[in-house]
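One structure is given below, encoded as structure tokens.
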Amino acid sequence: MIQFNHVYKTYPGPTHALRDVSLEINKGEFIFLTGPSGAGKTTLFRMISGFDKPSSGDVRIAGYDLTRIKSSEIPYLRRKIGVVFQDFRLLKGRTVFENVALPLEIRGERPTQMRRRVEEVLEQVGLTYKSSQFPEQISGGEQQRVAIARALVHQPGVLIADEPTGNLDSALSEEIMDLLEKVNAQGTTVFVATHDMGLVKRRSKRMIEIRAGQVTIDQ
Amino acid sequence: MSWNEYLRSFRRSWVHHTGMQLATLSVLAATFTVVAFVLSLSLNLKRVLSHWGESAQMSVYLEDTIQAADREALKAALEKDQRIRSVEFVGKEQATSAFRQKMSSYAPDLLEDTEFSNPFPASFQVSLVPGVSGDVLAATFEAIAQQLSAFKGVEDVSYGQSWVRNYSAFVGALSTGGWVIVAILIAGSFFVIGNSVRASIAARRDEIEILELVGATSRMIRAPFVFEGAALGWLAAAISLAINFGLYLWEAKLLQSSMAFARLGSNLAYFGVLACLGLLFAGAMVGALGAYFTIRKINDGWAASQKDA
């Protein structure tokens, strides 16, 4: 599903964000990506979501070779991935329903199918009753659940979540992690970046630790 | 995306960015108002000057020895010319009599002076058809005069050459100047619009990033912004036309009441239906192009990446 082979990423400066990173993530896995701030977690996630390219090495995501991908193919790569951010990134001018429906709208789904699927996902994240509200009218935890619903609505093979609990208290964090595990149980590969080691230990899943751009632990 | 979705996106944008949209619309409307005002001013000045130009006449003086057949041939040629509205023959006696009448207040004895010899030649008084543009009036008269010089019995052709030439040069300069001003204003309005739309789009950068994130193609992201630019441009053009129409009504009323002697009011006109439609279309195009060039710089598929890198 996701393959990194001897990947390097250097930004002007030069800053070596990733150094010789090799890893393989299979379909249906649940992985935690940990490491201190500035270790390269976000760079890794940006590559997976098609927002960055490696300086050298091979990256393959859901059948796309990132070193050879054309700009016009990138939107189609992103449609195979669901992304959740720490700051939710919801559209303020759209209701919960409209935010969740966005990926389906972009794929040109029929309104009836879109409605059915959005209602299904909103039920899955427990937000059916908030569907007509705007992001600013709901809590942080609810906003994150909307972001997860949006990342799942088009049934992607991979869900990546960059610090999805970073803005939430511990009770809400556990709730979000439960939800991600539920998603994983349904067959979606889930890749979560976090620096909350307590959360990682409680879940006993595969953990990849990255420090100074290098993979130091993969267990 | 369908037209309904573009309209929904436009409405949403107005609901959630009301202040910014109003500011953009105001700047656009103000710019278009100035452009439309200059165009309207140029149009009306040309109409007034054309009206004055229509009163210009040409006198074709005939030799005393001209044969009747030559005179008739000349008259027929003048009447056949599409550029000429009327041809009036003024005989020697008629010219003298008109002169005496005109001078009677200065020299009353002239009317009874039997020894006053007749120095006036017979002539044709020629008026041009209405609608000859002021800037080509001199050229038209010159061309006719040159043709007439080939006729037998024509002594001289006079049309107030220096006045007509100066008048034509003035109208020509005014017309060119008007277009130069309009071109400068349109070029300036592109910058103004570009900046307004850039500010509007930059404020919605998050929206562009999110759309990229969920897999929207560049075309999908740009289309609603371009539609919005076109709609804003169209609205601004409609507002500017309404403002200019109000100004036109006010000017017409003012000229009819305060400057009735100049009879300018009846020569004033507003843009015709086609011109109005053309200006609305131009407004929409300017808005769409301004938005397109701005969004093209921001939405290159990597907006979110650039922000965080």
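Respectively, the protein sequence lines represent chains A and B.
Reminder that position 21 of the first sequence reads as 21 in my numbering, one-by-one numbering, no gaps.
For any residue, its number in my numbering is found by taking its place in the second sequence, counting from 1, and adding 1000.
For each residue, glycine too, the CB sits at the ideal point set by N, CA and C.
Around the beta-carbon of A/Tyr11, fewer than 16 other beta-carbon atoms lie within 10 Å, marking it exposed. Note on geometry: alpha-carbon atoms of B/Ala1230 and B/Gly1283 lie some 7 Å from one another. The beta carbon of B/Ile1210 sits closer than 8 Å to some beta carbon of chain A. Excluding five sequence positions before and after A/Arg78, the CB atoms of its chain that fall closer than 7 Å to its own CB belong to Ser49, Gly50, given in chain order. Residues of chain A whose Cβ lies closer than 9 Å to the Cβ of B/Glu1228 do not exist; the shortest such Cβ separation is about 13 Å. Restricting attention to B/Asn1004, B/Ala1023, B/Thr1294, B/Leu1241, the CA atom closest to the CA of B/Ala1202 is found in B/Thr1294. The region 14–22 of chain A and the region 189–201 of chain A do not touch, with fewer than 3 CB-CB distances between them shorter than 8 Å. With its beta carbon less than 8 Å from one in chain B, A/Pro103 belongs to the interface.
Annotation: A/Arg117 to A/Val153 spans about 7 Å, alpha carbon to alpha carbon. Assigned with DSSP and collapsed to three states, B/Ala1056 falls in coil, not helix or strand.
With contact defined as three or more Cβ pairs closer than 8 Å, the region 1145–1153 of chain B and the region 1008–1017 of chain B are not in contact. With a cut-off of 8 Å on Cβ pairs, the region 27–34 of chain A is in contact with the region 206–218 of chain A, counting three or more such pairs. Contact of A/Leu91 with chain B is assigned, a C-beta pair being separated by under 8 Å. Within the DSSP bridge table, the entry for A/Arg60 names A/Gln3, A/Asp65 as partners.
A/Ala151 has no beta-bridge partner at all, per DSSP. Between the C-alpha atoms of A/Asn99 and A/Val183 there is a straight-line separation of about 19 Å. With distances taken between CA atoms, B/Ser1055 lies nearest to B/Arg1085 out of B/Phe1089, B/Leu1174, B/Arg1085. Take A/Phe85, set aside five residues on each side of it, and the residues of its chain with a beta-carbon closer than 6 Å to its own are Asp162, in chain order.
A/Asp52 counts as buried, since no fewer than 16 other beta carbons sit within 10 angstroms of its beta carbon. For B/Leu1007, the closest alpha carbon among the candidates B/Leu1039, B/Gly1233, B/Pro1224, B/Tyr1159 is that of B/Pro1224.
For A/Asp196, there is no enclosing beta strand (DSSP E), as DSSP gives it neither H nor E. Along the length of the region 108–136 of chain A, whole alpha helix (DSSP H) runs at least 4 residues long occupy 111–124, reported in chain order.
At a cut-off of 8 Å, the C-beta of B/Arg1222 has no neighbouring C-beta in chain A.
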